Structure formats: structure tokens, C-alpha cells
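Before any comments, here is the structure.
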Amino acid sequence: MISKQGVNQWILQMAEWRKRELWEWLTIPFWRLEKYGV
30 MISKQGVNQW ILQMAEWRKR ELWEWLTIPF WRLEKYGV
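When you read off a place in the sequence shown, starting at 1, and then add 29, the result is the number in the working numbering.
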């Protein structure tokens with residue numbers, strides 16, 4: 030069985046990744062948005 034500690038660690042790790050992804054997405058230059066049509 031997964032310990033509560035392990036679950037908390039996993040949630041924190043996922044939050045870190047989401048934050049980093051969001052930050053990278055927000056800081057993409059506009060020329061890239063136009064170029065790739067994202």
C-alpha cells in the first residue's frame with residue numbers, strides 16, 4: 030500500500046512540473062506562437 034507520505038511527495042512533484050510547464054508556456058515568445066500556430 031502507498032504511504033500517505035509517498036502520496037504527498039508525488040502530489041508536490043506533480044505540482045512542480047505543472048508550474049514549470051505553465052511558466053514555460055507563458056514565457057514562449059509571440060513569434061513562436063505565430064510560427065507554430067499554437
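Every residue gets a Cβ at the ideal spot worked out from N, C-alpha and C, and that includes glycine.
Values in this document were obtained by computation on a predicted structure and should not be read as measured data.
The straight-line gap separating the alpha-carbon atoms of F59 and R49 is approximately 19 Å. Bounds of the alpha helix (DSSP H) holding I40 are 33–55.
Rounded to whole angstroms, I31 and I40 show a C-alpha spacing of 13 Å.
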